[in-house]
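Student:
Protein chains: 2
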Amino acid sequence: MGQTPTERPFERIAVLGLGVMGGSLARALAALDRPPRVTGWSPSATERGAALETGLLAEAPEEWSAALGEAELVVIATPLRAACDLLPSVAAAAPRDATLSDVASLKAPLARAAAEAGVADRFVGAHPMAGSAESGFAASRADLYRGAQVWTVAAPAAAARVARVHALWRSLGAVPVAIGAEEHDRLVAVASHLPQLAANALASVLAAAGVEPGQLGPGGRDMTRLAGSSPEIWRDLLEHASPELVRELRSLSSATARVADLLDARDLDALAELMRSTRAWRRA
Amino acid sequence: MGQTPTERPFERIAVLGLGVMGGSLARALAALDRPPRVTGWSPSATERGAALETGLLAEAPEEWSAALGEAELVVIATPLRAACDLLPSVAAAAPRDATLSDVASLKAPLARAAAEAGVADRFVGAHPMAGSAESGFAASRADLYRGAQVWTVAAPAAAARVARVHALWRSLGAVPVAIGAEEHDRLVAVASHLPQLAANALASVLAAAGVEPGQLGPGGRDMTRLAGSSPEIWRDLLEHASPELVRELRSLSSATARVADLLDARDLDALAELMRSTRAWRRA
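Taken in sequence, the protein lines are chains W and H.
Adding 1265 to a residue's 1-based position in the first sequence gives its number in the working numbering.
Adding 1265 to a residue's 1-based position in the second sequence gives its number in the working numbering.
Below you can see the structure in the form of structure tokens.
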């Protein structure tokens, strides 16, 4: 199967935001056999300097607009709110035919912003299911996206651009999957935001009980790793949280209360049954 | 500092139970520069065969009593209930001066069993904060205990035996810490059992919402790994669960409901404050 025109690799890519997500993207692109020319921008001079020093970027100007140059693809890799705010200006300043993308973990707000800016036909949003509880360029890694599922969303008018964006992610070892923006955000509310807030709730209870992180075993460490996530990034995401997330948090509260009731009643059969069913789910 | 007589390495050790905990202990002992003679037993002929084939054990007889031989230390590495049941018979069948130990994650039931059997002066219980969501000898590893904290409990009458048990765990790279049995069980209820049941509750909600494990990101995978733990092992532990665990589960249920309320009210300041406080706790 030859390479179709729509899958021709992007030769010039601009990455706006050089934190864990954008930094890792720049690193992964630089590690390709035939790396594209990547320009980058971060509001932090330190991050711009670090990315330049690492040799990942052709340029990292102080103004984001100067990083757009002749980019065929512009990836906005900032937190959600900044991405929504930047998208219209980026669309206006970028080369007329450039594909616009992002990496935020909610997609409906970006899809709306693209529609409002009149660039729904150029926007192919992405949400890589990868990240780190650490933040900033220092926590970025060339292999962050290897093996990760990457959800992509595009309006019908941008359908022709999807294959090329998928080919890019595949070249980085990721697994792109197209999905509707609303459906994506409902799924992510449960699969990603619910575990995050569950970790915060659990950590707050452990802290109140006087448990120190060093007293946790490997399981307790797993269960609280997300409690170290960035409040700044999550504030934006939670602002746009799906009503589904509130509903599922209440379900989790009830499920936890039910476990307490079963334990209080020493209903070991029911507890063992719960554990068998979650083990079967986990192994499926 | 010379080696005191109480820290003289055990030369003959019997390990009863060859699952993740006992199997890993046998592997770690075999990997020592001057390995002791280790005999082992498992109710499963397959596990006995596997441990013998791996060359870890001098013997692995079909009857546990035959594995005791001239052991200076007997470690009961079965699930909690079996350990409590076995302890009196093991104490009676083991060499008269052998130190008795175990690796179960609750210590008060074992301490009681030792007192009832009249062997509190020979019992030094241990709880390594290490394990695996997988079970059985196949999941055992020589480095399971490396870096792990190991709680030890001993009645005053057994105090003279503690240093030697600590020296054993230190030789395996673990960090032994003495603690009272009741205090240990209260701490573990919160630091270990609460995260376990929180994972089960979260997994049950994700499963009910139709989320598949493959749709989880790294955070969601962390948060559900424990949902794969063995119901058989946990049934025993939960039977002896501290009242503190019920109380903390109710706190977790309330904390989760509060997060739902804050999100429903879009009180992003309070949510960000919660995340900042749990991040500070996690990094402490």
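C-beta: ideal position from N, C-alpha, C; glycine also.
Applying the 10 Å Cβ sphere with the 16-neighbour rule, what's the burial state of W:S1354?
Tutor: The residue labelled residue 1354 of chain W in the question sits at position 89 within the first sequence. With fewer than 16 Cβ atoms within 10 Å of its Cβ, W:S1354 is classed as exposed.
Student: Taking contact to mean at least 3 C-beta pairs separated by less than 8 Å, is the segment 1459-1474 of chain W in contact with the segment 1427-1443 of chain W?
Tutor: Touching, no.
Student: So, does the CB of H:M1266 fall closer than 8 Å to a CB anywhere in chain W?
Tutor: Translated into the one-based positions of the second sequence, residue 1266 of chain H becomes position 1. Annotation note: pLDDT 45 at H:M1266 (below 50); position unreliable, no value reported.
Student: Is W:T1417 buried or exposed, if buried means 16 or more other CB atoms sit within 10 Å of its CB?
Tutor: One-based indexing of the first sequence puts residue 1417 of chain W at position 152. That one is buried.
Student: Does the Cβ-Cβ distance between H:A1356 and H:A1382 come in under 8 Å?
Tutor: For the purposes of this step, residue 1356 of chain H is identified with residue 91 of the second sequence, where counting begins at 1. For the purposes of this step, residue 1382 of chain H is identified with residue 117 of the second sequence, where counting begins at 1. Contact: yes.
Student: Cα separation between W:T1206 and H:S1469?
Tutor: Residue 1206 of chain W falls outside the range modelled here, since chain W spans only 1266 to 1549, and no answer is possible.
Student: Compute the distance between the beta-carbons of H:L1514 and H:L1459, then report whether it is under 8 Å.
Tutor: Start at 1 with the first residue of the second sequence, and residue 1514 of chain H comes out as number 249. Start at 1 with the first residue of the second sequence, and residue 1459 of chain H comes out as number 194. Contact flag set, yes.
Student: Mind listing which residues of the segment 1378-1404 of chain W have their C-beta closer than 9 Å to chain H's C-betas, in chain order?
Tutor: Cβ contacts with chain H come from P1393, M1394, A1395, G1396, S1397 and A1398.
Student: Can you list the residues of chain W that H:P1460 reaches, using a CB-CB cut of under 7 Å?
Tutor: Here residue 1460 of chain H refers to the residue found at position 195 when the second sequence is read from its first residue. What H:P1460 touches in chain W: L1467, G1484, G1485 and M1488.
Student: Less than 6 Å between C-beta atoms, sequence neighbours within five positions excluded: which residues of the same chain meet that for H:H1431?
Tutor: What you label residue 1431 of chain H is simply residue 166 of the second sequence in a count that begins at 1. Answer for H:H1431: P1441, listed in chain order.
Student: What separation, rounded to the nearest whole angstrom, lies between the Cα atoms of H:L1321 and H:A1359?
Tutor: Here the question's residue 1321 of chain H lines up with position 56 in the second sequence. Here the question's residue 1359 of chain H lines up with position 94 in the second sequence. Approximately 21 Å between the Cα atoms of the pair.
Student: What in chain W is Cβ-close to H:T1493, meaning under 8 Å?
Tutor: The residue you call residue 1493 of chain H lines up with position 228 of the second sequence. Residue 1493 of chain H is actually Gly in this sequence, not Thr. Those within 8 Å of H:G1493 in chain W are T1543, R1544, R1547 and R1548.
Student: Using 8 Å as the limit for Cβ to Cβ distance, is W:S1516 near chain H?
Tutor: Against the first sequence, residue 1516 of chain W aligns to sequence position 251. True, the Cβ-Cβ gap to chain H drops below 8 Å.
Student: Pull up the distance between the alpha-carbon of W:L1317 and that of W:G1390, whole angstroms please.
Tutor: By 1-based counting over the first sequence, the position of residue 1317 of chain W is 52. By 1-based counting over the first sequence, the position of residue 1390 of chain W is 125. Near 26 Å, if we compare the C-alpha coordinates of W:G1390 and W:L1317.
Student: Buried or exposed: which applies to H:G1282, given that a residue is buried once 16 or more other Cβ atoms fall within 10 Å of its Cβ?
Tutor: By 1-based counting over the second sequence, the position of residue 1282 of chain H is 17. H:G1282 comes out buried.
Student: Look up W:L1365 in the DSSP assignment and give the residues it is bridged to.
Tutor: As a first step, residue 1365 of chain W must be located in the first sequence, where it is residue number 100. Answer by DSSP bridge pairing, in chain order: W:V1339 and W:F1388.
Student: Does any C-beta atom of chain H lie closer than 8 Å to the C-beta of W:T1521?
Tutor: Here residue 1521 of chain W refers to the residue found at position 256 when the first sequence is read from its first residue. Taking Cβ atoms only, chain H reaches closer than 8 Å to W:T1521, which makes this a yes.
Student: Near W:E1509, what residues of its chain come up, given a Cβ to Cβ distance below 7 Å and the 5 sequence neighbours on each side ignored?
Tutor: On the first sequence, position 244 is the one that residue 1509 of chain W refers to. Excluding residues within five positions, the ones whose Cβ falls inside 7 Å are R1451, A1454 and V1455.
Student: Is there at least one Cβ from chain H nearer than 8 Å to W:E1257's Cβ?
Tutor: Because residue 1257 of chain W is not part of the residues shown, which for chain W are 1266 to 1549, the question remains open.
Student: Could you check if H:A1549 is buried or exposed, using at least 16 other CB atoms within 10 Å of its CB as the buried criterion?
Tutor: As a first step, residue 1549 of chain H must be located in the second sequence, where it is residue number 284. The residue is exposed, with fewer than 16 neighbouring Cβ atoms inside 10 Å.
Student: Are any of the Cβ atoms in chain H nearer than 8 Å to that of W:E1477?
Tutor: Reading the first sequence from its first residue, position 212 is the one you call residue 1477 of chain W. Chain H, which has a Cβ nearer than 8 Å to the Cβ of W:E1477, makes this yes.
Student: Return no unless some Cβ of chain H is closer than 8 Å to the Cβ of W:A1463.
Tutor: In the first sequence, counting from the first residue as 1, residue 1463 of chain W sits at position 198. Yes - at least one Cβ of chain H is within 8 Å of the one on W:A1463.
Student: By Cβ distance, which residues of its chain are closer than 6 Å to W:V1415, with the 5 residues on each side in sequence left out?
Tutor: In the first sequence, the residue the question calls residue 1415 of chain W occupies position 150. Cβ within range, chain order: A1391, P1393, W1434, A1439 and P1441.
Student: Just verifying my parser: in three-state terms, what is the DSSP assignment at H:L1409?
Tutor: Taking the second sequence and counting its residues from 1, the one referred to as residue 1409 of chain H is at position 144. It is coil, neither helix nor strand.
Student: Distance, Cα to Cα, H:R1396 vs H:M1286?
Tutor: Position 131 of the second sequence, counted from the start, is the residue given in the question as residue 1396 of chain H. Position 21 of the second sequence, counted from the start, is the residue given in the question as residue 1286 of chain H. Residue 1396 of chain H is actually Gly in this sequence, not Arg. The straight-line gap from Cα to Cα measures roughly 7 Å.
Student: Distance cutoff 8 Å, beta carbons only. Does H:E1448 sit that close to anything in chain W?
Tutor: Locating residue 1448 of chain H in the second sequence gives position 183, counting from the first residue. No, its Cβ sits nowhere closer than 8 Å to a Cβ of chain W.
Student: Decide if W:E1477 is buried, meaning its Cβ has at least 16 other Cβ atoms within 10 Å, or exposed.
Tutor: Against the first sequence, residue 1477 of chain W aligns to sequence position 212. Burial call: exposed.
Student: At a threshold of 7 Å, does W:V1355 count as lining the ligand ZN (C-beta to nearest heavy atom)?
Tutor: What this structure holds is no ligand at all, so the ligand ZN is not there to describe.
Student: Below 8 Å, how does it come out for the segment 1477-1488 of chain H and the segment 1401-1410 of chain H: are there three or more Cβ pairs, yes or no?
Tutor: No, the segment 1477-1488 of chain H does not touch the segment 1401-1410 of chain H.
Student: With H, G and I counted as helix, E and B as strand and the rest as coil, what does DSSP make of H:V1638?
Tutor: The structure shown does not extend to residue 1638 of chain H, since chain H spans only 1266 to 1549, so no value can be given for it.
Student: Just the Cα atoms here: how many angstroms apart are H:E1324 and H:S1330?
Tutor: Position 59 of the second sequence, counted from the first residue, corresponds to residue 1324 of chain H. Position 65 of the second sequence, counted from the first residue, corresponds to residue 1330 of chain H. Approximately 12 Å, taken between the alpha carbons.
Student: Could you tell me whether any Cβ in chain W is nearer than 8 Å to the Cβ of H:W1499?
Tutor: Here residue 1499 of chain H corresponds to residue number 234 of the second sequence, with the count starting at 1. Chain W, which has a Cβ nearer than 8 Å to the Cβ of H:W1499, makes this yes.
Student: Quick one: what's got a C-beta closer than 8 Å to H:T1489's C-beta in the same chain, skipping five residues either side?
Tutor: What you label residue 1489 of chain H is simply residue 224 of the second sequence in a count that begins at 1. Closer than 8 Å at the Cβ level, and outside the excluded window around H:T1489, lie A1464, L1467, A1468, L1471, P1478 and L1481.
Student: Can you tell me whether W:T1311 is buried or exposed, with buried defined as 16 or more other CB within 10 angstroms of its CB?
Tutor: The count along the first sequence starts at 1 and reaches residue 1311 of chain W at position 46. Counting Cβ neighbours within 10 Å, W:T1311 comes out exposed, since fewer than 16 surround it.
Student: Expressed to the nearest angstrom, what Euclidean distance is found between the alpha-carbon atoms of W:E1538 and H:W1499?
Tutor: Locating residue 1538 of chain W in the first sequence gives position 273, counting from the first residue. Locating residue 1499 of chain H in the second sequence gives position 234, counting from the first residue. Between W:E1538 and H:W1499, the C-alpha separation is close to 11 Å.
Student: Determine whether the beta carbon atoms of H:A1385 and H:A1379 lie at a separation below 8 Å.
Tutor: Sequence index remark: in the second sequence, residue 1385 of chain H carries index 120 (1-based). Sequence index remark: in the second sequence, residue 1379 of chain H carries index 114 (1-based). Against a cut-off of 8 Å, the Cβ pair of H:A1379 and H:A1385 comes out as a contact.
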